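Colleague: Quick note, the sequence shown lines up with residues 3 to 381 if you use the numbering used here.
C-beta atoms are modelled at their ideal positions from N, C-alpha and C, and glycine is treated no differently.
A quick note: this is a predicted structure, and the numbers were derived from the prediction, not measured.
My questions will all concern the structure given below.
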Amino acid sequence: MKMKKRITLTQIIFAFLWISMYSSTLFAVSQKRVLVMTFKNMSRDSNYNYLEPSITDAVIEKLKENFVFENFEEKEWKLLAKNNFFFEDSFHTPTIGMQLGLLGTQDIVIGGGFTIDNQKIITKVHILGMAEKKIIKQFDITGFADNRIWDSIAEIASTIAEAAKDVLPNEDEWSGIAIQGNNQIGISANISPLSFPAERTAPLPSLEPFSINPNDFPLLFRFSLDYMRMDVLLNDLTAWVSLSYLTSTREFEAENHSPDISTVHATLDAFHLSGGLGYRAYKFRSFYVIPRIGAGFYVGKLAVDFSTLNVAPSAPSGDTDLDLIDGYVSGISTEIALILGYQFLPYLTAELKNEYSYIFLDNHSYSNYFFSLGLAAKY
């Protein structure tokens, strides 16, 4: 029955993560959608038609090298143009570019055409803004059309990329835009390999079955759901709340019993609710560092199974033998932690956390060091 409970909790945790990741995509800052239309040959000489895909592909690749955006694939926008009876001969005009951009729900449209005359290639370029519904930039680029034509194409692509700086973010700028979501929901898996004072090593006495504490479990696992709000009152000040489930098992030696024949099985299951403040002390591109402090409430259940012993221990009254005992512990906690984060998608971050937690129980106090890895969704 206990195993079933743990599996159900794990399923709930991962379902929560999936929902938070999915919902964050609805609110995440989306990349700008860009339509780069085919640069049409406006010369009367069709021998230069081969330059149409060459120039267009060079522009797209140069933009991808310098900016973060979502490219409208050629086969998709050409199908849209065909379905709306736009003629290919007019693809170089701002009017068709504006109409296609609006129909395709794009943010930016880049297009134009070229003519070749007297060994010179003259490329007319326009950059259209769909939000403004107007031409943002319009200019000509002149280059050589002889054996230096490929250098001219490279220059065309570079000039257009330079002009696009005003409308498209580079990687550094995009990281700053993407990280602006002020809410973060995450999940983490934690392990505590250290506790102070150290765990119990002496056998359990027969007449004191309740004399174990949470720190007597040397390897503690914790699964946490976290919420963090950025920029609370002040820039980079964070507020957070966390709900955690902790679990561990251990085999104890029993007094007056041979450990190679029989041991006592003990389990710990606990919940911990905590919250506090933090500060985003460092941020560079997609990396950030957050030290934080907090306090919380702890409640746990300890269970000791004596059924594996050859002779069950007696209750303190001495009247009955014991097979299974359990009891609850509760108290308050304080903690300090250091979070190292990396935002590898606009809405998703990976976090590594080191935490020191001190727990004050009714008649006992102890501390744990936790190391954790987690994922968090920003929105």
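Would you mind sorting Glu353 into buried or exposed? The rule is 16 or more other CB atoms within 10 Å of its CB.
Modeller: Working through the sequence shown from its first residue, we reach residue 353 at position 351. The residue in question, Glu353, is buried, as its Cβ has 16 or more Cβ neighbours within 10 Å.
Colleague: Report the three-state DSSP secondary structure of Gln101 (helix, strand or coil).
Modeller: The sequence position of residue 101 within the sequence shown is 99, counting from 1. In the structure shown, Gln101 sits in a helix (DSSP, three-state: H, G or I).
Colleague: According to DSSP, simplified to helix, strand and coil, what is Val301?
Modeller: One-based indexing of the sequence shown puts residue 301 at position 299. If DSSP states are grouped into helix, strand and coil, Val301 belongs with the strands.
Colleague: Using CA atoms only, rank isn't needed, just tell me which of Gly145, Lys126, Ile151 and Leu104 is closest to Glu134.
Modeller: Here residue 134 refers to the residue found at position 132 of the sequence shown. Minimum Cα distance to Glu134 is reached at Leu104.
Colleague: With H, G and I counted as helix, E and B as strand and the rest as coil, what does DSSP make of Tyr247?
Modeller: Looking up residue 247 in the sequence shown gives position 245. If DSSP states are grouped into helix, strand and coil, Tyr247 belongs with the strands.
Colleague: In angstroms with no decimal places, state the Cα-to-Cα distance between Glu72 and Ile292.
Modeller: Here residue 72 corresponds to residue number 70 of the sequence shown, with the count starting at 1. Here residue 292 corresponds to residue number 290 of the sequence shown, with the count starting at 1. The alpha-carbon atoms of Glu72 and Ile292 are separated by roughly 31 Å.
Colleague: Taking its Cβ as the centre, do 16 or more other Cβ atoms sit within 10 Å of Thr40, making it buried, or is it exposed?
Modeller: Numbered from its first residue, the sequence shown carries residue 40 at position 38. Counting C-beta atoms within 10 angstroms of its own C-beta, Thr40 has 16 or more neighbours from the protein chains shown and is therefore classed as buried.
Colleague: Specify whether the stretch 105-125 and the stretch 136-145 touch according to this definition: at least 3 beta carbon pairs, one from each stretch, less than 8 Å apart.
Modeller: Taking 8 Å as the limit for Cβ pairs, the verdict is that the stretch 136-145 does touch the stretch 105-125.
Colleague: Using three-state DSSP, classify Leu82 as helix, strand or coil.
Modeller: Here residue 82 corresponds to residue number 80 of the sequence shown, with the count starting at 1. Three-state DSSP puts Leu82 in a helix.
Colleague: Any idea what DSSP makes of Asp59, helix, strand or coil?
Modeller: Here residue 59 refers to the residue found at position 57 of the sequence shown. Three-state result, Asp59: helix.
Colleague: Helix or strand or just coil, what does DSSP make of Lys34?
Modeller: Here residue 34 refers to the residue found at position 32 when the sequence shown is read from its first residue. Look at Lys34 here: in three-state DSSP terms it is coil, with no helix or strand label.
Colleague: Excluding sequence positions up to five away, which residues of its chain have a Cβ less than 7 Å from the Cβ of Asp238?
Modeller: For this step, residue 238 is matched to residue 236 along the sequence shown. Here Asp238 has Tyr281 and Arg282 as same chain residues with Cβ atoms under 7 Å from its own Cβ, once five neighbours each way along the sequence are excluded.
Colleague: Could you name the residues of the same chain whose beta carbon sits closer than 7 Å to that of Met5, not counting the 5 residues immediately before and after it, in chain order?
Modeller: Sequence index remark: in the sequence shown, residue 5 carries index 3 (1-based). Only weak support exists for where Met5 lies, its pLDDT of 37 falling under 50; the value from the coordinates is given anyway. Excluding residues within five positions, none has a Cβ falling inside 7 Å.
Colleague: If contact is defined by three or more beta carbon pairs under 8 Å, each pair taking one atom from either stretch, is the stretch 357-373 in contact with the stretch 326-333?
Modeller: By the Cβ test, the stretch 326-333 is in contact with the stretch 357-373, since at least three Cβ pairs between them sit closer than 8 Å.
Colleague: Bridge partners of Thr269, per DSSP?
Modeller: Counting from one through the sequence shown, the residue named residue 269 turns up at place 267. Looking at the DSSP assignment, Thr269 forms a beta bridge with Thr251 and Ala305.
Colleague: Is the shortest distance between the beta-carbon of Phe87 and the beta-carbons of chain C less than 8 Å?
Modeller: Here chain C cannot be found, since the structure has a single protein chain.
Colleague: Between which two residues does the alpha helix (DSSP H) containing Ala159 stretch?
Modeller: The residue you call residue 159 lines up with position 157 of the sequence shown. Per DSSP, Ala159 belongs to the alpha helix (DSSP H) from Ile151 to Ala165.
Colleague: In this structure, does DSSP put Asp109 in helix, strand or coil?
Modeller: Within the sequence shown, the letter at position 107 stands for residue 109. It is coil, neither helix nor strand.
Colleague: Which word fits Thr10, buried or exposed, when buried means at least 16 other C-beta atoms lie within 10 angstroms of its C-beta?
Modeller: Stepping through the sequence shown from its first residue, residue 10 is reached at position 8. The predicted model places Thr10 with a pLDDT of 49, which falls under 50 and marks its position as unreliable, so this point remains unresolved.
Colleague: If you pair each beta-carbon of the stretch 354-361 with each one of the stretch 335-345, do three or more pairs fall below 8 Å?
Modeller: The stretch 354-361 is in contact with the stretch 335-345.
Colleague: Determine the extent of the beta strand (DSSP E) in which Arg231 is found, giving its start and end residues.
Modeller: As a first step, residue 231 is located in the sequence shown; it is residue number 229 there, counting from the start. It spans Leu222 to Arg231 - the beta strand (DSSP E) in which Arg231 sits, taken as one unbroken run.
Colleague: Judging by CA-CA distance, which residue of Glu253, Thr249 and Tyr284 is the nearest neighbour of Tyr300?
Modeller: On the sequence shown, position 298 is the one that residue 300 refers to. If we check each option's Cα against that of Tyr300, Thr249 comes out closest.
Colleague: For my contact list, Val234 and Gly277 are in at a C-beta cut-off of 8 Å; report their separation, rounded to the angstrom.
Modeller: By one-based count along the sequence shown, residue 234 stands at place 232. By one-based count along the sequence shown, residue 277 stands at place 275. That belief does not hold up - the Cβ atoms of Val234 and Gly277 are roughly 12 Å apart, past 8 Å.
Colleague: Give me the Cα-Cα distance between Met230 and Ile129, rounded to the nearest whole angstrom.
Modeller: To locate residue 230, count along the sequence shown from 1; it is residue 228. To locate residue 129, count along the sequence shown from 1; it is residue 127. For the pair Met230 and Ile129, the Cα-to-Cα distance works out to about 40 Å.
Colleague: For Ser246, which residues of its own chain have a beta-carbon under 6 Å away from its beta-carbon, when the five flanking residues on both sides are left out?
Modeller: Here the question's residue 246 lines up with position 244 in the sequence shown. Answer for Ser246: Arg224, Ser226 and His274, listed in chain order.
Colleague: Going by DSSP in three states, Ser335 sits in which element: helix, strand or coil?
Modeller: The residue labelled residue 335 in the question sits at position 333 within the sequence shown. It is a strand residue.
Colleague: Starting from Thr351, trace the beta strand (DSSP E) in both directions and tell me its first and last residue.
Modeller: Counted from its first residue, the sequence shown places residue 351 at position 349. That run of the beta strand (DSSP E) goes Leu350 to Leu363.
Colleague: Which residue's Cα is closest to the Cα of Glu164: Lys64, Lys126, Met132 and Phe346?
Modeller: What you label residue 164 is simply residue 162 of the sequence shown in a count that begins at 1. Out of Lys64, Lys126, Met132 and Phe346, Lys64 has the C-alpha closest to the C-alpha of Glu164.
Colleague: Met232: which of Phe88, Asn185, Thr269 and Thr265 sits nearest, CA to CA?
Modeller: One-based indexing of the sequence shown puts residue 232 at position 230. Answer by Cα proximity: Asn185.
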